[in-house]
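K.L.:
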Amino acid sequence: MRRAVVSVIGKDQVGIIAKVTTVLAENNVNILDISQTILQDFFTMMMLVDVTNIENLDSLQAKFDGISEEMGLKINIQLEEIFRTMHRI
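Residue numbers for the sequence shown, in UniProt numbering: 1 to 89.
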């Protein structure tokens, strides 16, 4: 299984989860774990997803970029091993 981390940060508003998960569902990406919280007006969400059937994450990132621009969010997707390496303490 090949896994990736999706992070979403921005001002809380209606439809964030719906739009992000719609992109995942349309691309046959399963959510393995999810955590989200709202801190005052700020929304944060982290998801661990199965991207075994996705050859290149750039196409998903491009779709997330459209949502980011539309909703004023920061959405990133990166392979789990890259995420772990970048955030190692």
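Here a beta-carbon is modelled for each residue, glycine too, at the ideal position from N, C-alpha and C.
From the DSSP output, which residues share a beta bridge with Asp33?
P.N.:
Answer is Leu48, bridged to Asp33.
K.L.:
According to DSSP, simplified to helix, strand and coil, what is Leu60?
P.N.:
helix
K.L.:
On the CB-based measure, 16 or more other CB atoms within 10 Å of its CB, does Met45 come out buried or exposed?
P.N.:
Under the 10 Å beta carbon count, Met45 is surrounded by 16 or more other beta carbons and is classified as buried.
K.L.:
For the beta strand (DSSP E) that contains Ile9, what are its first and last residues?
P.N.:
That run of the beta strand (DSSP E) goes Arg3 to Lys11.
K.L.:
Using the beta-carbon count (16 or more within 10 Å), is Met86 buried or exposed?
P.N.:
Exposed: under 16 other Cβ atoms inside 10 Å.
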